[in-house]
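> My structure is below; once you've seen it, I'll send some questions.
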Amino acid sequence: MKSMKKVVGPEYNLGEKIKTNVYAVGVAMQESVYPHTATVFYPRERKKMPDNFRGFILFDPDKCISCFNCSFVCPANAIRMKEAPNKRYYPTVDYGRCIFCHFCIDSCSGGALKATKIHDVAYKDMDEMFTPTEEMIELPEIIREDKKYVEYEIEEDDLHLKRTKGEDYLFVDVPPPIQIPMVSQCIDRASCIGCRVCEEMCESGAISSSAENGMLRMKIDTDKCTGCGLCVKECSMQILKLERK
Amino acid sequence: MATAVGAGQSEWEVAVPEKPLKDKTYFENLKAKVIDTNLCSRCLTCAAICPGGITVVGNKVDFPDYETKCLDCGACVRVCPRFVYEPKSGLGDYIEFIAGRSKRFAGQDGAMVTELLVSAIEMGMIDRGLFAGRDEKWATEMFHVREPEQLAITTLGGTKYTFADVLPALKEAVMFTKRGVGIVGTPCIVSGVRKLQQEYPIFRDRVKLVVGLFCTENFHYDDITKFLQEKGVDFSKLVKTDIIKGKFISTMTDGKVKFKVAEAEDIIASGCNVCTDFTAVESDASVGSVGSEKGFSTVAVREENAKKVIEYIKEKGYADFGEADTSQLDFLIGHKKKREENIKGDR
Ligand SMILES: Cc1cc2nc3c(=O)[nH]c(=O)nc-3n(C[C@H](O)[C@H](O)[C@H](O)COP(=O)(O)OP(=O)(O)OC[C@H]3O[C@@H](n4cnc5c(N)ncnc54)[C@H](O)[C@@H]3O)c2cc1C
Ligand code: SF4
Ligand code: SF4
Ligand code: SF4
Numbered sequence: 209m210k211s212m213k214k215v216v217g218p219e220y221n222l223g224e225k226i227k228t229n230v231y232a233v234g235v236a237m238q239e240s241v242y243p244h245t246a247t248v249f250y251p252r253e254r255k256k257m258p259d260n261f262r263g264f265i266l267f268d269p270d271k272c273i274s275c276f277n278c279s280f281v282c283p284a285n286a287i288r289m290k291e292a293p294n295k296r297y298y299p300t301v302d303y304g305r306c307i308f309c310h311f312c313i314d315s316c317s318g319g320a321l322k323a324t325k326i327h328d329v330a331y332k333d334m335d336e337m338f339t340p341t342e343e344m345i346e347l348p349e350i351i352r353e354d355k356k357y358v359e360y361e362i363e364e365d366d367l368h369l370k371r372t373k374g375e376d377y378l379f380v381d382v383p384p385p386i387q388i389p390m391v392s393q394c395i396d397r398a399s400c401i402g403c404r405v406c407e408e409m410c411e412s413g414a415i416s417s418s419a420e421n422g423m424l425r426m427k428i429d430t431d432k433c434t435g436c437g438l439c440v441k442e443c444s445m446q447i448l449k450l451e452r453k
Numbered sequence: 032m033a034t035a036v037g038a039g040q041s042e043w044e045v046a047v048p049e050k051p052l053k054d055k056t057y058f059e060n061l062k063a064k065v066i067d068t069n070l071c072s073r074c075l076t077c078a079a080i081c082p083g084g085i086t087v088v089g090n091k092v093d094f095p096d097y098e099t100k101c102l103d104c105g106a107c108v109r110v111c112p113r114f115v116y117e118p119k120s121g122l123g124d125y126i127e128f129i130a131g132r133s134k135r136f137a138g139q140d141g142a143m144v145t146e147l148l149v150s151a152i153e154m155g156m157i158d159r160g161l162f163a164g165r166d167e168k169w170a171t172e173m174f175h176v177r178e179p180e181q182l183a184i185t186t187l188g189g190t191k192y193t194f195a196d197v198l199p200a201l202k203e204a205v206m207f208t209k210r211g212v213g214i215v216g217t218p219c220i221v222s223g224v225r226k227l228q229q230e231y232p233i234f235r236d237r238v239k240l241v242v243g244l245f246c247t248e249n250f251h252y253d254d255i256t257k258f259l260q261e262k263g264v265d266f267s268k269l270v271k272t273d274i275i276k277g278k279f280i281s282t283m284t285d286g287k288v289k290f291k292v293a294e295a296e297d298i299i300a301s302g303c304n305v306c307t308d309f310t311a312v313e314s315d316a317s318v319g320s321v322g323s324e325k326g327f328s329t330v331a332v333r334e335e336n337a338k339k340v341i342e343y344i345k346e347k348g349y350a351d352f353g354e355a356d357t358s359q360l361d362f363l364i365g366h367k368k369k370r371e372e373n374i375k376g377d378r
């Protein structure tokens, strides 16, 4: 083990002592007039969130294929699928449970769920925290008192807040996720019972069937198949599987 | 079982079965030919395969809302063992008839059914065995047994003289299994499994052990419970039901109620009145009480897989074995063979 060394303070001469004391008084005066806080004056200011911030979740019904992936994957059980007037099932989010992991967004094969930079998902009571589908389609109404947005900057060894006049844009326009193209295939043809549930489920019209002389011909159009996996989930014999295109 | 990636196909054909009533759905065909003619055995093979919703309503197999929900795929008529009924009877083909008594488990007779299924799990032949257990009111419930320890539920063994939904549970088990499934059931259930296996590879590949039970008849739950209650059976005290030498014996914690089975003739399920198979001839092994001493099960070992399990049981010393006397089965085999007449009568 190394022997301990005594800690010795710097030895200032008189000139240096005056200089450091004057500097300290200067900083104190400056801070009392224009404080250098490390915190943001929310809600008058908002922190500028990075584009991959995980906040309030938006939903686009046109892109939803009702595959239930989001509700299956949600580790907090915050997503319930509810039947919409058009008989389709769409997600709802209970923000009393949501842990903002955004697994739902990552799992959404149609790209129907989208992240926003809204971090202040706050409510007056528990009931309000349940967000029905209708309220997920557009940004929620939030009273914006923010006149500036704030960014942290590291200058030399110091953390500075950079304040910019104006509102931060809360939408995130990320490009659609890169998806590995998948296609539904039958892995046990002889076990197909010919119920055509797959055909009925398919939203892209990729599965077709035709009956001719005592045989039912099933066909998956691999060009039309988007690899959403709805048929795989619904096949009553579990003989369909997603494979790489 | 696992299929390699890239092994899938995008085009395939499914044979569509014949429809005797051309402009009706397959379910209506099944209903007209099997259910309404009282041929239906309530084996639930149809319900196991039906993606629409064949189920049991009261004492009958039915499909509420079939008009809108039947997909008209024909799977039900493909698998129903009585749509094109070929009655089986006799002792069937077998390698050997033996008597056995498990040292590990308690059951109806020698608990050889339990022993066969549990040993098959231990050997790695199957990863789950389906048992027909019961609730405190003696209604059957299906259990997927994966560990021998689960047999601590003592109601899993033993005979329930009422139907069990074995085949719908089999469909589910087949979807989950990695190694294979073992099941036990009455002869009609065994015939149902064979039809499923004959028609669909998924069942062929994954059902690895089919144990049959000797069976003369069975009863609908509501009928038999009402009947037994009238006879003075208290279900909260009932521990065992037996049919021995023509007598139905209900053993309760504080005594027994006995009567002749013939008295229950009117409530025998209609499908049993046209059933001629006593020994489950299509099984891998079938088990019953007649043919061996009290406390032993009579086991008909029919196929190689069952033979292997019996050899494993012998090697491990899990059971005592003795000789079975097949001549004792003749009476009940003959009794059931006579029911062929009822089939013609009904058609
Ligand atoms: C309805 C019925 C009628 C029978 N009639 C006769 C008969 O006339 N003559 C004869 O010798 N033997 C008959 N048996 C068979 C006999 O009662 C015993 O089941 C058989 O000897 C096996 O005994 P064990 O001790 O080896 O089985 P156990 O180890 O006790 O296991 C019996 C297994 O049978 C299953 N089981 C019980 N009830 C049902 C049911 N209703 N449906 C499906 N599975 C069930 C359970 O899962 C249990 O695992 C009948 C069985 C049933 C279910
Ligand atoms: S859902 Fe499955 S069983 Fe039914 S037709 Fe499609 S592939 Fe065949
Ligand atoms: S959906 Fe198919 S299996 Fe079910 S009743 Fe209709 S034809 Fe039969
Ligand atoms: S005999 Fe079995 S498969 Fe046929 S209709 Fe009855 S329950 Fe269904």
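Going down the list, the protein sequences come from chains C and V.
Under our numbering, read the first sequence as residues 209 to 453, first letter to last.
Under our numbering, read the second sequence as residues 32 to 378, first letter to last.
C-beta: ideal position from N, C-alpha, C; glycine also.
For M344 of chain C, name the three-state secondary structure that DSSP assigns.
helix
> Answer yes if the region 56-63 of chain V comes into contact with the region 404-424 of chain C, meaning at least three C-beta pairs across the two stretches below 8 Å, and no otherwise.
no
> For a minimum of 3 consecutive residues, which ranges assigned as the beta strand (DSSP E) are wholly contained in the region 265-343 of chain V?
269-275, 278-283, 286-291, 316-319 and 328-332
> At the level of alpha carbons, what is the spacing between T34 of chain V and D396 of chain C?
Because T34 of chain V carries a pLDDT of 42, less than 50, the predicted location of this residue cannot be relied on, and the following value inherits that uncertainty. Their backbone Cα atoms lie some 9 Å apart in a straight line.
> I'd like to know whether the C-beta of T434 of chain C is nearer than 8 Å to at least one C-beta of chain V.
No, T434 of chain C lies away from the interface with chain V (no Cβ there is under 8 Å from its Cβ).
> Quick check for students: name the residue ranges of the beta strand (DSSP E) that lie wholly in the region 368-395 of chain C, counting only runs of 3 or more.
390-394
> Determine, using beta carbons only, whether A295 of chain V and F279 of chain V come nearer to each other than 8 Å.
yes
> Leaving aside the five residues before and after C433 of chain C along the sequence, list all residues of the same chain whose C-beta is less than 6 Å from its C-beta, in chain order.
V391, S392 and A414
> Should the region 370-385 of chain C be regarded as contacting the region 217-232 of chain V, the criterion being three or more beta carbon pairs within less than 8 Å?
no
> Can you pull the DSSP bridge partners for K355 of chain C?
K355 of chain C is not bridged to any residue.
> For M426 of chain C, return the contacting residues in chain V, with the cut-off set at a CB-CB distance below 8 Å.
E42, W43, E44 and V45
> Does the region 128-139 of chain V touch the region 111-119 of chain V, meaning 3 or more C-beta pairs lie closer than 8 Å?
As far as the Cβ criterion goes, the region 111-119 of chain V does not touch the region 128-139 of chain V, which means the pair count is below three.
> I'd like to know whether the C-beta atoms of L227 of chain V and A79 of chain V end up nearer to each other than 8 Å.
yes
> Under 7 Å, CB to CB, which of the residues in the region 387-403 of chain C have a partner in chain V?
Q393, C394, I395, D396, R397, A398, S399, C400, I401, G402 and C403
> Should L187 of chain V be counted as a contact of ligand 1 given a C-beta to heavy atom distance under 7 Å?
yes
> Using the C-alpha atoms, what's the distance from T339 of chain C back to V312 of chain V?
60 Å
> Since I255 of chain V is in the alpha helix (DSSP H), which residue starts that stretch and which ends it?
Y252 to E261
> Between V:G365, V:G141 and V:K202, which lies nearest to A350 of chain V when the distance is taken from Cα to Cα?
V:G141
> Of the residues that make up the region 112-141 of chain V, which ones have a beta carbon closer than 7 Å to any beta carbon in chain C?
none
> Pairing CB atoms from the region 360-369 of chain V with CB atoms from the region 153-170 of chain V, are three or more of them under 8 Å?
These segments do not touch.
> Any heavy atom of ligand 1 inside 7 Å of the beta-carbon of G216 of chain V?
yes
> Figure out for me which residue from V:I85, V:K239, V:V318 and V:S358 has the closest Cα to the Cα of E335 of chain V.
Checking every option, the nearest Cα to that of E335 of chain V belongs to V:K239.
> Between D268 of chain C and the rest of its own chain, which residues show a CB-CB distance below 6 Å, the 5 nearest in sequence each way excluded?
Once the five neighbours on either side are set aside, the close Cβ partners of D268 of chain C are A320.
> What does the alpha-carbon distance come out to for the pair N285 of chain C and C278 of chain C?
10 Å
> Can you tell me whether A337 of chain V is buried or exposed, with buried defined as 16 or more other CB within 10 angstroms of its CB?
buried
> Where are the alpha helix (DSSP H) runs, 4 residues long or more, that stay fully inside the region 404-438 of chain C, in chain order?
Taken in chain order, the whole alpha helix (DSSP H) runs of length 4 or more contained in the region 404-438 of chain C are 405-409.
> Just to make sure I have the definition right: I need the residues of chain V whose C-beta is within less than 8 Å of the C-beta of I447 of chain C. Which are they?
I233
> I'd like to confirm something about I66 of chain V: is its beta-carbon nearer than 7 Å to some heavy atom of ligand 1, or not?
Result no, Cβ not under 7 Å from ligand 1.
> Who are the near neighbours of F17 of chain V in its chain, counting only those whose CB is closer than 7 Å to its CB and skipping five residues on each side?
Because chain V spans 32 through 378 in this model, residue 17 of chain V falls outside it and cannot be assessed.
> Tell me which residue opens and which closes the beta strand (DSSP E) that H310 of chain C is part of.
Note, H310 of chain C: premise wrong, no beta strand (DSSP E); not H, not E.
> My output table needs one value for R370 of chain V: the three-state DSSP class, helix, strand or coil.
coil
> Would you please state the rounded distance, in angstroms, between the beta carbons of D376 of chain C and Y357 of chain C? I believe it to be under 8 Å.
4 Å
> For ligand 1, I want to know if G402 of chain C counts as a neighbour, meaning its beta carbon is within less than 7 Å of at least one of the ligand's heavy atoms.
no
> Are at least three pairs of beta-carbons, each pair with one atom in the region 293-301 of chain C and one in the region 243-252 of chain C, less than 8 Å apart?
no
> Between the beta-carbon of L75 of chain V and the beta-carbon of D196 of chain V, is there less than 8 Å?
yes
> Is there a Cβ of chain V sitting closer than 8 Å to that of G437 of chain C, yes or no?
So, not an interface residue.
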